[in-house]
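Engineer:
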Amino acid sequence: MHQHIEWDEPGSASVAEYFKHDPDHMPPYPGAIISARYQGRIVRVKVEAYREDDAVSIGSVAAILDIHGHHHETHFKLSLGDIVRLPDDKRAMEHWKEDEKER
């Protein structure tokens with residue numbers, strides 16, 4: 001059974017929005033690592049399956065990081081290794097605190 005997660009909205013870091021006009025963009029595949037945000041943390045998910053009919057990846061939590069890149073074992077109800085469903089519209093590009101200093 002998977003852990004039900006209310007993913008944060010990706011906002012300007014939306015993967016779906018970034019690639020919406022790219023005809024060569026491929027959906028996630030087993031083994032791929034994708035990212036989303038949950039309660040202000042960056043979560044990496046290792047894809048085990050992709051459901052094309054509802055545009056959802058199913059996979060295990062591979063990493064939970066804060067905005068400085070520090071790794072965490074858990075965050076609220078999410079833990080490393082949990083099986084989660086990650087809709088394409090919740091996928092987010094990773095953004096780091098240090099990136100803001102370069103702007």
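Read in order, the letters of the sequence shown are residues 1 to 103 in UniProt numbering.
For glycine and all other residues, C-beta sits at the position ideal for the given N, C-alpha and C.
All values reported here derive from a predicted model rather than from experimental measurement.
Once DSSP output is grouped into helix, strand and coil, what is the label at Tyr50?
Structural biologist: Strand at Tyr50.
Engineer: By Cβ distance below 7 Å, which residues in the same chain neighbour Ser57 in space, the five residues on each side in sequence not counted?
Structural biologist: Closer than 7 Å at Cβ, skipping near neighbours: Pro28, Ile34, Val45, Val47, Tyr50, Leu86.
Engineer: I'd like to know whether the C-beta atoms of Ala16 and Arg91 end up nearer to each other than 8 Å.
Structural biologist: Yes, the pair counts as a contact, with Cβ atoms nearer than the cut-off.
Engineer: Can you tell me whether DSSP reads Ala62 as helix, strand or coil?
Structural biologist: Here Ala62 sits in strand by DSSP.
Engineer: With DSSP collapsed to three states, give me the class of Tyr18.
Structural biologist: Helix, per DSSP.
Engineer: Nearest by alpha-carbon distance to Asp89: which of Asp22, Ser79, Tyr18 is it?
Structural biologist: Out of Asp22, Ser79, Tyr18, Tyr18 has the C-alpha closest to the C-alpha of Asp89.
Engineer: Could you pull the DSSP bridge partners for Ala92 from this structure?
Structural biologist: DSSP lists Ser14 as partners of Ala92.
Engineer: Below 8 Å CB to CB, which residues in the same chain sit around His8 once its five sequence neighbours on both sides are set aside?
Structural biologist: In the sequence on display, residue 8 carries Asp and not His. Ala36, Arg37, Tyr38, Gln39, Gly40, Lys90, Ala92, listed in sequence order.
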